[in-house]
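Keeping their order, the protein sequence lines are chains A and B.
Numbers given in our numbering equal positions in the first sequence, counted from 1, plus 3.
Numbers given in our numbering equal positions in the second sequence, counted from 1, plus 326.
For every residue, glycine included, the Cβ atom is placed at its ideal position computed from N, Cα and C.
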Amino acid sequence: MADEATSQTPAEKSPSPPVPSPPKPKPGDHVITVPTGIIIGKGQ
Amino acid sequence: MAAGAWKVFNRAKKYIGNGTLSLSSTTFRLALATSAANFKTSASALPLIMRGSVTGFCVSTGDCPKVGFQLSGELWTNVSATGANAKILRFDTGDLTVVASTSAIANIKYAYIFLSGASATVEKLLCYSTLTTSQITSLAIGNTLTIQMNTSGVLRLS
Numbered sequence: 004m005a006d007e008a009t010s011q012t013p014a015e016k017s018p019s020p021p022v023p024s025p026p027k028p029k030p031g032d033h034v035i036t037v038p039t040g041i042i043i044g045k046g047q
Numbered sequence: 327m328a329a330g331a332w333k334v335f336n337r338a339k340k341y342i343g344n345g346t347l348s349l350s351s352t353t354f355r356l357a358l359a360t361s362a363a364n365f366k367t368s369a370s371a372l373p374l375i376m377r378g379s380v381t382g383f384c385v386s387t388g389d390c391p392k393v394g395f396q397l398s399g400e401l402w403t404n405v406s407a408t409g410a411n412a413k414i415l416r417f418d419t420g421d422l423t424v425v426a427s428t429s430a431i432a433n434i435k436y437a438y439i440f441l442s443g444a445s446a447t448v449e450k451l452l453c454y455s456t457l458t459t460s461q462i463t464s465l466a467i468g469n470t471l472t473i474q475m476n477t478s479g480v481l482r483l484s
């Protein structure tokens, strides 16, 4: 009796959850980046 | 126009030096002010000391209180090396998003950071920034203003 071929299917990868993208600014929203200030520094 | 860098109030430098204004504190707050704010009486003078001396703050019931917003993640740390080799130190906080949820916020021009205290008359001012040359006339209901701190921090001592 022939051995039944055993086949192993690779474990299915669970689909990775979608990475939420950061919310996009709406019209009228403001995003302001403030430059770093210096307390004591070169040339100050 | 890009926002102006954080400028340290003159008296704050004294208080940082004598330990009255500890950058290691974790109770700093940020508030918004209009172009009418009295942060300076000349191009270079930054005479204010306490939050109670500030005029021209933005007021919007609930959304923009005089007492400002609690900052998160305040951190005074070395960034270039550790221990005795640390030559650059940084004061940093998390970003802050102000939401005009119930009423518009008018005439936003400045943001200022101060050390939280028992009352406005004892809360020491640290620094301020000119967020924009032409003030934001109205942050309408539903809109946000996000103030991002530079990756190099709010203040550096180098």
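{"query": "For B/Q474, the residue or residues it bridges with in DSSP", "result": "A/T36"}
{"query": "According to DSSP, residues forming a beta bridge with B/Y341", "result": "Answer is none; B/Y341 lacks a bridge partner."}
{"query": "Exposed unless 16 or more other CB atoms sit within 10 angstroms - verdict on B/G420", "result": "exposed"}
{"query": "Paired residues, beta bridge with B/L485 - DSSP", "result": "Here chain B has residues from 327 to 484 only, and residue 485 of chain B is not among them."}
{"query": "Cβ neighbours of B/Y341 in the same chain (closer than 8 Å, five flanking residues each side left out)", "result": "L347, K450"}
{"query": "Chain-ordered residues of the stretch 332-352 of chain B with a beta carbon less than 8 Å from chain A", "result": "W332, K333, V334, K339, I342"}
{"query": "Straight-line gap, A/G46 to B/F335 (C-alpha atoms, nearest Å)", "result": "Only weak support is given to the placement of A/G46: the predicted model assigns it a pLDDT of 40, under 50, and the value that follows is read from those uncertain coordinates. When rounded, the distance between both Cα atoms is 19 Å."}
{"query": "Beta-carbon spacing of A/G40, B/A331 below 8 Å", "result": "yes"}
{"query": "Residues of the stretch 392-423 of chain B with Cβ closer than 7 Å to any Cβ of chain A, in chain order", "result": "none"}
{"query": "Whether B/R482 touches A/I42 by CB criterion (8 Å)", "result": "yes"}
{"query": "Cα-Cα separation between B/F383 and B/F440, rounded to whole angstroms", "result": "13 Å"}
{"query": "Reduced DSSP category for B/A363 - H, G, I as helix; E, B as strand; rest coil", "result": "coil"}
{"query": "Exposed unless 16 or more other CB atoms sit within 10 angstroms - verdict on B/G479", "result": "buried"}
{"query": "Chain-ordered chain A contacts of B/C453 [CB-CB under 8 Å]", "result": "G40"}
{"query": "Partner residues on chain B for A/K27, Cβ-Cβ distance less than 9 Å", "result": "Those within 9 Å of A/K27 in chain B number zero; the least Cβ separation is about 12 Å."}
{"query": "For A/G46, three-class secondary structure by DSSP", "result": "Here the model assigns A/G46 a pLDDT of 40, short of 50, so the residue's position is not dependable and the matter cannot be decided."}
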